[in-house]
Amino acid sequence: MSATTEVQKLFMTETEELLLDMEDALLSLESDTENIELINQLFRAMHTIKGAAGIFNYNAIVDFTHPIETTIDRVRKNELKINSTLIALLLKCKDHTWALVNASVAEDELDLTSLMIQSQNILAEFNLSEPISPALPSCPQPFETQPISPERIDERYTDSGHWLISLDFKVDALRNGLDPLNFIRYLQQLGQVLEVICLSNRLPAFEVCDFESCFLSYRIVFSGDCSKEQIEAVFEFAQDDCDILILPSQKISESFQNLIDELNPSENQRLGEILLTIGAITERELTKSLNLQSGHIPECASKKLGEVLIANQLVDQPVVEQALKKQTQAREQAQTIRVDSNRLGQLINLVGELVTASAAMRVMVDKYHLLDANDQVSSVEHLVQEIRENALQLRMVQIGETFSRFRRVVRDVSNELGKQIELTIQGGESELDKIVVEKINDPLTHLVRNALDHGIELPEQRISKGKSPTGHLMLNAYHDSGHIVIEVTDDGAGLDPERIRRKAESLGVIEANQVLSHAEILRLAFEPGLSTKEKASNLSGRGVGMDVVKRNIEALRGSVELDSELGKGTKVTITLPLTLAIIDGFMVGAANENYVIPLNMVEECVELNQGEWHEQQKNYISLRGELMPFIRLTSFFNISQTNQHKRESLVVVRFGRSKAGIVVDKLFGEQQTVIKPLGKMFQHLKGLSGATILGTGDIALILDIQGLITEVSIGAKKHHHVAMIDD
Amino acid sequence: MPIDITTNDLSVRVSLSEELTIYSVIEFRDALISHLKPSVDISVNLSQVTEVDTAGLQWLLALKAWSMAQSVEFCHHSKAIVDALELSGLSGTFDDTIVLASEARS
Amino acid sequence: MKMAQASTAGDITQYLTFQSANDTFAIDILDVKEIIEIEGITRVPMMPEFLCGIINLRGRVVPVIDLSKRLGRHTTVMTKKSCIVLVEVSHEEEQQIIGMLVDEVNEILEIDDEHTQPPPDFGADLRVDFIRAMGRVGEHFMILLDINYVLSVADISAISQLSFHATDVVNEE
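Chains as they are written, first to last, in the numbering used here: chain A, -15 to 711; chain B, 47 to 152; chain C, 79 to 251.
Right, dumping it as structure tokens:
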């Protein structure tokens, strides 16, 4: 213990005076709690004592007086109200400070140690919400007091895909040659530094601060066309001296989720790998996290890694969830086997041959009345049918996969065009033949792009029309009598029938005075050369290409229809057969020819019985009072009637909401039908969708019911008109 | 000497020149500290500062914090100072005291 | 494509000769896949008259064209000697098998390039593009058909589309 110096004596005197001031002020405040001058007096006392103590490195005093000073500052700022409890506490502090001063000047270590413990106890009574760092004295934070969170940044930068880079430099950073300013300069070269926030709450008081240490932290809002890995690279040399977090904005986080969604689920892909692939985490971050995680139970590894990543703010929770979902997807898919498409096609061809051969066998058995063989042949037929169903099922995939791929298209295109478009998907579980799915992709893409580019308007335009600024696009799929129906609906500008009409007239497709219904005008949109968009866009060319869409769909033995209302929106309905290979058919005969009707479209068969149905006018029949269009196969196909007085039968077919009657000569019954395409030569044939080879080796033509009904309706209308005019 | 301090009873005028960096900050602080008294006005002229680094920024920040109870005024910020403040997002913090050296002269 | 490669200058090409519509025709043997007997042609309605129908070729559906009718002449009358020549034509990068109904198939002849000459500008009542060249064997001339035009899928498909639209769908009896 050395003798007290002059300076120390001076310090003690001054401190004693200040503490007396403080006591006076406190006592006065008991009756005058709002007196700002008294409160300032308190503040000055603590502040000055703290400062002076700092000069002498009396850390015990500094550590104790600093939080008190902070508390009094809060009272000054009206964040805290002075009351009797607080006054009592502050009086205690005043006494304790004096004790600390004495002990510090006397350099009484033992005393000081026990006093410091008391300091903690007293400070605890203050119930301070901010964590006090006992190690270093620090000055009150006059600047940024609220913690920076990504959400708050997101509020301010709603449009951008930006990053929040959090840098907490460690104490020796500057001594080790780093300077935060340089890193910020680096960042400016990589992209746009939108905002820099400097946090200096760790900065000690001026008098005692070791300026060669680093007490600053930065939060930087950064936007750039670069990956997380690239941003991390900027701080490569700072890794040891700085805690770095690179946090994505909501937009970037969403883009990660989308990227994960689009990944092909591959087996055994670990969570870390998935996240690394899309750039949500960097190699270093993954390694670090895996190290943290090691020691945990292996089965829980993935989940734990996710938790580790989230806890360390390396990835957002929704992104981790999406990645876990993708893993589950992969695992489910791992229970599947990849089969070469061609092999499956071959298998189905063979099954087709098997069906035909089995039918031929049946013919023989029936022809020669081989009753003994009947059971066996029946069981073979039954088995063949099951094999057929199973084989075709192998090739069925859900259309949801195709639909999902459009999410990305919608997002990219909306961004590119500055439109707001929401995509809704329904019926994704509907299954159809893989080959059809592949072939429908192009036409669907075309239709979706049409809707995005020419259908849905810009937000401003929509608002001026009284619509919501966000446009809606819906993809819907469902099954209907052996077909799959795909609808592409938008609530955009719709088609202008006048423009279509004008264009069609100018192209010579229709006559100037031709009378057309709304539906007929819309159907004109499928004519080649018709495009109501004046300017081409790089997205969908001249805006329609609907004739190509129609051709592609018809090549799949499907059909497409347009429904639209100007200003309201457009709906495109695509109908496709579920399979191109083998169906259950119903065979009928007309004259000497055989025809097959898809069984699922057959509603009922009625033998000709004068009471039940009879012809009305030329093209309608009345069945039990219900009116429907009909055709007589022999007349429709221009087959010469060999026997006029045959007993005719009526087959009622249904397609969607339409019904029609088909008058035939013979009803044969159910028939497994292997569809043989007729070939390109017959592409334009309406009413026939293929041929099939019967057990006898003969060929039966497969009726295209939808085509027939369309033709019948058109024809019926024409004649109706004619009939009316005649009258 | 790169730090120049003139005092009277009521005010302390500080003028810094050349670097305000890790190499000079401690020296500056030590020179200034004894002049820091509760009742004195302090003004710091930064017009001659040619180079600033993070240590220097900390110096400014700490001094400004100290000034919450007293009054410390920074003036005539040189370009080096202004650039460093802008880069580190601290322009707003020193907003009220920024008077560009060129403006001051004119 | 095959046709062009079949004969180069100075080459001898083998041709299948046959009778149809009172004339002798020939086609490059390399285009011929098979010659089969007529066994039940299934009529396909609403197609041009020269399209007889379709047949079952070992499980495959093959269209058959009446050559005489296609060439603008009369409908072929079926006799014991009538048969179907199966030819391979290319259409949009795909090979298609099409049958040709003819009166009678004759022998395979070799014709030297020197003995062929371009089709006459007039006189023949055939479409010019149907004729590849005229070939001379001894004293006789025969028409070397350009099978890709005669059996052009695109052509026939277009014709069928027109003829379909032309007829009134609902027939009045």
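Note that the Cβ used here is the ideal one computed from N, Cα and C, for glycine as well.
- Excluding its 5 nearest sequence neighbours in each direction, Met(-4) of chain A has C-beta neighbours in its own chain below 7 Å: Val85, Val89, listed in chain order.
- Against chain A, the CB of Arg59 of chain B has no partner CB under 8 Å away; the residue lies outside that interface.
- Membership of Met212 of chain C in the beta strand (DSSP E) is indicated by the continuous run 209 to 215.
- A direct Cα-Cα distance of roughly 13 Å separates Glu117 of chain C from Lys159 of chain C.
- Taking 7 Å as the upper bound on Cβ-Cβ separation, chain A lies near residues Val139, Pro141 of the segment 139 to 156 of chain C.
- The contact set of Pro164 of chain A on chain B, defined by CB atoms closer than 8 Å, consists of Thr100, Ser134 in chain order.
- At a cut-off of 8 Å between beta carbons, Gly476 of chain A makes no contact with chain C.
- Contact with chain C is found for Leu662 of chain A, since one of that chain's Cβ atoms lies less than 8 Å from the residue's Cβ.
- Here Gly674 of chain A is buried, its C-beta having at least 16 other C-beta atoms within 10 Å.
- Here Thr271 of chain A is not near Glu216 of chain A, since their CB atoms are 8 Å or more apart.
- If you draw a 10 Å sphere on the C-beta of Lys534 of chain A, you find 16 or more other C-beta atoms in it, and that means buried.
- Apart from the 5 residues on each side of it in sequence, Leu672 of chain A sits with its Cβ closer than 6 Å to the Cβ of Leu685, Asp688 in its chain, given in chain order.
- Listed by position along chain B, the residues whose Cβ is nearer than 9 Å to that of Ile56 of chain A form an empty set, because the closest Cβ is around 11 Å away.
- Here the segment 214 to 230 of chain A does not lie against the segment 180 to 187 of chain A, with fewer than 3 beta-carbon pairs under 8 Å apart.
- Setting aside the 5 residues that flank it on each side, Phe219 of chain C is surrounded in the same chain by Met212, Gly213, each with a C-beta closer than 8 Å to its C-beta; the list follows chain order.
- For Lys449 of chain A, there is no enclosing alpha helix (DSSP H), as DSSP marks it with neither H nor E.
- Contact check for Ile107 of chain C against Leu94 of chain C passes: the beta carbons are separated by less than 8 Å.
- Residue pairing by DSSP leaves Lys125 of chain B without any beta bridge partner.
- Contact of Val180 of chain A with chain B is assigned, a C-beta pair being separated by under 8 Å.
- Here Gln297 of chain A carries a coil assignment [DSSP, helix/strand/coil].
- Per DSSP, Pro51 of chain A lies in no beta strand (DSSP E) segment; the continuous alpha helix (DSSP H) that holds it begins and ends at 43 to 60.
- Under DSSP, Gly131 of chain C forms a beta bridge with C:Val142.
- Judged by DSSP secondary structure, Ser673 of chain A falls within the beta strand (DSSP E) whose first and last residues are 672 to 677.
- Linking Ser237 of chain A to Ile66 of chain A through their CA atoms gives a straight-line distance of about 46 Å.
- It is roughly 10 Å from the alpha-carbon of Val155 of chain A to the alpha-carbon of Asp194 of chain A.
- Pairing Val394 of chain A with Leu442 of chain A gives a Cβ-Cβ distance that is not under 8 Å.
- Rounded to the nearest whole angstrom, the CA to CA distance from Arg616 of chain A to His430 of chain A is 39 Å.
- By the criterion of at least three beta-carbon pairs nearer than 8 Å, the segment 96 to 116 of chain B is in contact with the segment 60 to 78 of chain B.
- Selection A:Leu401, A:Ile39, A:Val46, A:His80 evaluated against Ser98 of chain A yields A:His80 as nearest (Cα-Cα).
- For Ile90 of chain C, the closest C-alpha among the options C:Glu172, C:Lys111, C:Val215 is that of C:Val215.
- At a cut-off of 8 Å between beta-carbon atoms, Leu479 of chain A makes no contact with chain B.
- Minimum Cα-Cα distance from Pro164 of chain A among the listed residues A:Ser150, A:Gln176, A:Gly175 corresponds to A:Ser150.
- Residues of chain A whose Cβ lies closer than 7 Å to the Cβ of Ile49 of chain B do not exist; the shortest such Cβ separation is about 14 Å.
- Under the rule that a run must span 4 or more residues, the alpha helix (DSSP H) segments found entirely inside the segment 49 to 101 of chain B read 71 to 79.
- Residue range 226 to 232 is occupied by the beta strand (DSSP E) that includes Pro232 of chain A.
- Secondary structure of Gly609 of chain A (DSSP, three-state): coil.
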